[in-house]
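Beneath this line is the structure, given in structure tokens, with notes to follow.
Residue numbers (the UniProt record's numbering), protein chains in the order written: chain F, 1 to 458; chain W, 1 to 458.
Have a look at this one:
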């Protein structure tokens, strides 16, 4: 069994496990109490906070432990927005943030705030000058991830931080995917992270608010963690999280080189061994362990299930629940193919043999899914310079499969109209054109669903 | 060393420790993922939910795990209030709820909601008919703890639930202190609890929302735990919490008898061996393991420190942070003495010898604190039927000490005016009168601070 989904959250680092066990007996007391058990817990908590601050590169009293990375983001965004309420009610996020940031933005919008969602390149990166253009005099907060959780693209945090600083706007950096690899470039005002991404236990997040940043914690009042989180912290888990962070950081440089070579191998080999694949994300400015690709004519959920059967745990899109595999908002924002999407995120220490075995197995699995899908004969109504493919009522990836099947029958210069009522077609038909070097003419309303028009240029 | 503060949170139950270790390897995966590690985590989570539901006496899909008991209360109150926004914006709480409930009420009030705080008897219990009188046609939610965390008094939940049901108002029961001892009486709509009160790890709370209760989760949207909590749950800690709950419940009946005898011993002996002590809380309708008393002429923080030196971890008032030992809102609402307050909360399994040792040590420790305090000579301005004691600028318990010192000098029928600018005097001077059988005449504004007038009747 190979676990290739550490970007969702990985197993406990051995050092974390050790620290957890060691602190179960010392760290259960209420750190707010005056007696022995409280003092011992407080000592552990204070030491963990010092150590976390050192790794993050901030002061200990700027660090707050939360009950998850998501909670850190929710509390951080809400507190920063409330702290600068007088400045204005405008929030900037990138279009490819983690759902916790986007949900926070949605909640802010529902309360009457204005949100600008800055788009990204086809590689998944924001353009610093486009981001800077979004800054307004009433901007209360800007958010940018350090690196994307789905495709691994590293964001230009330093440049964006510079623009924010010039405008006097605090920048919240969601460093969930990168903090184990190294510090966030200078210039941020708030930072969030999640311990189980770097080998800590679940249930621990990090929220750092730099001194001088206006912050007004929301929700019912609380005396703990500078009034910024509620409830009694899980100190053994906090201790374990910080121990894991130090341990992975100590190995980060060497491990980054090794994992980068392995993901580079996947980036290079997959397009050679699997037909009709698009590897997505920036090939250079990326995290060491993440590589993402999409396979034409493949149902992502079926592919994941088959890979699981073959012994590989990978994930797809940014979906958080098993029931809903909606097209990933990240891939959508990048304008790349979303169907048959696979994210491989390698945990530190992964054996290179496992990656090789994955590369061996993948082509057969994809071919199996494609044939299993049994793409039906397309229903062609007319044979001429314009063909109409009726894919109404059919779910992605069927419309693209049918488009591809009839395409050779249309002469160069001719067009295919694909009728579809599947939302994913809007994303995947243009992506297919991009991959195939064909012209995507556009979409228009049809009697039922939409018509997507493609012109054959070669 | 004896730990007598389990009401704040106790050590991990051995069964919880075992369950935690066993599930560290199985429970780290994201339960929302389709692959093996996700499925294993989901199985553990589902099993824990089933088991928790069985202990609580509800359906599994009514149980949500939160990151703390405080979070369960915050989310439960906010969700229930929002769910019944159309009914009205009135909330009822008892005056002796846990701070998490009172903070939620404050937050609701700050947003324009109306809050009724129902008072309690001198024993700390609400009067069901007074509670029922507070119900209005626009009442969105009523909250009542199952038992008080500071004095152990059990609340009349069944009667209040009946009144709420008759009025069609949902009742949220904060069962943090009692869930380990037994189920909450029928009739509640929402229930909250905190695992580290019953031997589970910190970082796990329970929120139960019965089917049919209108509930609208607040905060940024989230797909997890029926949309009711945010972030990736700490499954090993959840598993450990439920294992501990089952374990303590299995031993609860026998252990309750044993602890009740021990706390009864403390209730009986302390007033015999320590002069000027008031044991507070209901002598009958109370939790098995909690006993609380207040010592006249004693600084609570100093007493706690001295007891800690003597090897006993106890707590005082409802203070959550070491810095602020403000008079407990619970003792204030009960109208009992708050100075020199000590709460003993015995963990299940405590050795009776430790309790006996505590009873041996306590009189000497209290006497030591009293003499250490070195109550200064009171400054008497006038010797007559009215004496004035100038305690301005002096902190509790000095004003009461000075009152007690001059009291014999005033003739029966005469009065003492105590000048004080310490807020605690307002509570403790009437409490002293009650204990001494003297008449508390009242308070009035003085040139500086307030004057508290006491008439000698015997």
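Beta carbons are placed, not taken as given, at the ideal position from N, Cα and C, and that holds for glycine.
The model shown is predicted, which means the values in this text are computed figures rather than measured ones.
- Query: Counting pairs of Cβ atoms below 8 Å between the segment 19 to 33 of chain W and the segment 256 to 265 of chain W, do you hit three or more?
  - Reply: no
On the DSSP bridge list, what partners appear for residue 350 of chain F? One-based indexing of the first chain puts residue 350 of chain F at position 350. Residue 350 of chain F is not bridged to any residue.
request  = Return helix, strand or coil for residue 67 of chain F, following the three-state DSSP convention.
outcome  = Position 67 of the first chain holds residue 67 of chain F. It is coil, neither helix nor strand.
>> Within the continuous beta strand (DSSP E) that includes residue 5 of chain F, where are the two ends?
In response: Along the first chain, read from residue 1 onward, the residue named residue 5 of chain F stands at position 5. Unbroken run through residue 5 of chain F: none, as it is neither H nor E.
Return the CA-CA distance between residue 172 of chain W and residue 93 of chain W, expressed in angstroms with no decimal places. If you number the second chain from 1, residue 172 of chain W lands on position 172. If you number the second chain from 1, residue 93 of chain W lands on position 93. Roughly 9 Å between the two C-alpha positions.
Taking 9 Å as the threshold (beta carbon to beta carbon), is residue 79 of chain F in contact with chain W? Here residue 79 of chain F is taken as the residue at index 79 of the first chain, counted from 1. It does not: the Cβ of residue 79 of chain F has no partner Cβ on chain W nearer than 9 Å.
So what's residue 108 of chain W in DSSP terms, helix, strand or just coil?
The sequence position of residue 108 of chain W within the second chain is 108, counting from 1. Three-state result, residue 108 of chain W: helix.
Exercise for the section: Measure how close the beta-carbons of residue 397 of chain W and residue 296 of chain W come, nearest whole angstrom, since I'm counting them as under 8 Å. Expected result: For the purposes of this step, residue 397 of chain W is taken as residue 397 along the second chain, with counting starting at 1. For the purposes of this step, residue 296 of chain W is taken as residue 296 along the second chain, with counting starting at 1. A Cβ-Cβ separation of about 7 Å places residue 397 of chain W in contact with residue 296 of chain W under the 8 Å criterion.
Requested in this report: Could you name the residues of chain W that residue 28 of chain F contacts, counting a contact when the two beta carbons are closer than 8 Å?
Outcome: Numbered from 1 along the first chain, position 28 holds the residue referred to as residue 28 of chain F. Residues of chain W passing the Cβ test: 9, 10, 11, 12, 196, 201, 202.
Using DSSP bridges, identify the partner residues of residue 498 of chain F. It is not possible to answer for residue 498 of chain F, since the shown part of chain F is limited to 1 through 458.
How many angstroms separate the CA atom of residue 17 of chain W from the CA atom of residue 401 of chain F? By 1-based counting over the second chain, the position of residue 17 of chain W is 17. By 1-based counting over the first chain, the position of residue 401 of chain F is 401. Rounded to whole angstroms, residue 17 of chain W to residue 401 of chain F spans 53 Å at the Cα level.
Item checked: Cα-Cα separation between residue 13 of chain W and residue 370 of chain W, rounded to whole angstroms -> Walking along the second chain from the start, residue 13 of chain W turns up at place 13. Walking along the second chain from the start, residue 370 of chain W turns up at place 370. Taking the straight line joining both Cα atoms gives about 37 Å.
Identify each residue in the segment 235 to 252 of chain F for which the Cβ-Cβ distance to at least one residue of chain W is less than 8 Å, and report them in chain order. Of all residues in the segment 235 to 252 of chain F, only 235, 236, 237 come within less than 8 Å of chain W when Cβ atoms are compared, listed by chain position.
Spell out the partners DSSP gives residue 341 of chain F in its beta bridges.
Numbered from its first residue, the first chain carries residue 341 of chain F at position 341. F:294, per the DSSP bridge assignment.
Note to self: In the DSSP output, which residue or residues are listed as bridge partners for residue 420 of chain F?
What the structure shows: As a first step, residue 420 of chain F must be located in the first chain, where it is residue number 420. Residue 420 of chain F pairs with F:450.
**Reference residue 134 of chain W; option with closest CA among W:361, W:333, W:96, W:116** = Locating residue 134 of chain W in the second chain gives position 134, counting from the first residue. The shortest Cα separation from residue 134 of chain W among W:361, W:333, W:96, W:116 belongs to W:116.
Taking 9 Å as the threshold (beta carbon to beta carbon), is residue 312 of chain F in contact with chain W? Locating residue 312 of chain F in the first chain gives position 312, where the first residue counts as 1. So, interface residue.
Open item on the list: Measuring only the C-alpha atoms, how far is residue 458 of chain F from residue 442 of chain F?
Closed with: Position 458 of the first chain holds residue 458 of chain F. Position 442 of the first chain holds residue 442 of chain F. Between residue 458 of chain F and residue 442 of chain F, the C-alpha separation is close to 18 Å.
Q: Answer yes if the segment 41 to 54 of chain F comes into contact with the segment 39 to 53 of chain W, meaning at least three C-beta pairs across the two stretches below 8 Å, and no otherwise.
A: no
For residue 122 of chain W, the three-state DSSP class (helix, strand or coil):
In the second chain, the residue the question calls residue 122 of chain W occupies position 122. Reduced to three states, the DSSP call for residue 122 of chain W is coil.
task = Find the nearest neighbour of residue 365 of chain W within the set W:270, W:136, W:63, judged by alpha-carbon distance.
result = Residue numbering aside, residue 365 of chain W sits at position 365 when the second chain is read from its first letter. For residue 365 of chain W, the nearest C-alpha among the options comes from W:270.
Next on the checklist: Can you tell me whether residue 180 of chain F is helix, strand or coil according to DSSP?
Outcome noted: Against the first chain, residue 180 of chain F aligns to sequence position 180. Residue state, collapsed to three classes: coil.
Quiz item: Is DSSP giving residue 46 of chain W helix, strand or coil here?
Solution: By one-based count along the second chain, residue 46 of chain W stands at place 46. If DSSP states are grouped into helix, strand and coil, residue 46 of chain W belongs with the helices.
Extent of the continuous beta strand (DSSP E) run through residue 205 of chain W
Counting from one through the second chain, the residue named residue 205 of chain W turns up at place 205. Counting along the chain, the beta strand (DSSP E) containing residue 205 of chain W begins and ends at 205 to 209.
Query - Secondary structure of residue 100 of chain F, DSSP reduced to three states - result: As a first step, residue 100 of chain F must be located in the first chain, where it is residue number 100. Looking at residue 100 of chain F - three-state DSSP - the assignment turns out to be helix.
Practice prompt. Measure the alpha-carbon distance for residue 445 of chain W versus residue 417 of chain W and round it to whole angstroms.
Written response: Against the second chain, residue 445 of chain W aligns to sequence position 445. Against the second chain, residue 417 of chain W aligns to sequence position 417. Roughly 11 Å separates the two Cα atoms.
Of the residues W:60, W:90, W:317, W:276, the one placed nearest residue 148 of chain W, counting alpha carbons only
Position 148 of the second chain, counted from the first residue, corresponds to residue 148 of chain W. Of W:60, W:90, W:317, W:276, the residue nearest in Cα terms is W:317.
Next item on the list: Could you run through the segment 294 to 305 of chain F and flag, in chain order, every residue whose CB is less than 8 Å away from some CB of chain W?
Entry: 301, 304, 305
What whole-angstrom Cβ distance do residue 334 of chain W and residue 280 of chain W have, given they're in contact under 8 Å?
By 1-based counting over the second chain, the position of residue 334 of chain W is 334. By 1-based counting over the second chain, the position of residue 280 of chain W is 280. Yes, residue 334 of chain W and residue 280 of chain W are in contact; Cβ-Cβ is about 6 Å, under 8 Å.
- Task: Check the Cβ of residue 5 of chain W against every Cβ in chain F and list those closer than 9 Å, keeping chain order.
- Result: If you number the second chain from 1, residue 5 of chain W lands on position 5. By Cβ distance, chain F contributes 29, 30, 33, 35, 37, 38.
Problem set entry | Under 8 Å from the C-beta of residue 17 of chain F: neighbouring residues of chain W | Here residue 17 of chain F corresponds to residue number 17 of the first chain, with the count starting at 1. Result: 24.
* Using a cut-off of 8 Å between C-beta atoms, extract the partners of residue 107 of chain W located in chain F. => Sequence index remark: in the second chain, residue 107 of chain W carries index 107 (1-based). Neighbours of residue 107 of chain W on chain F, chain order: 219, 220, 221.
Residue 179 of chain W and residue 55 of chain W: beta carbons closer than 9 Å? Within the second chain, the letter at position 179 stands for residue 179 of chain W. Within the second chain, the letter at position 55 stands for residue 55 of chain W. Yes, they are a contact pair.
Name, going along the chain, the residues of the segment 326 to 348 of chain F whose beta-carbon falls closer than 9 Å to a beta-carbon of chain W.
Contact annotation: in the segment 326 to 348 of chain F, no residue has its CB less than 9 Å from a CB in chain W.
Determine the extent of the alpha helix (DSSP H) in which residue 261 of chain W is found, giving its start and end residues. The residue labelled residue 261 of chain W in the question sits at position 261 within the second chain. In this chain, the alpha helix (DSSP H) harbouring residue 261 of chain W covers 235 to 273.
Report task. With residue 306 of chain F as the anchor, note down where its alpha helix (DSSP H) starts and where it stops. Result -> As a first step, residue 306 of chain F must be located in the first chain, where it is residue number 306. Taken as a continuous stretch (DSSP letters only), the alpha helix (DSSP H) holding residue 306 of chain F covers 300 to 309.
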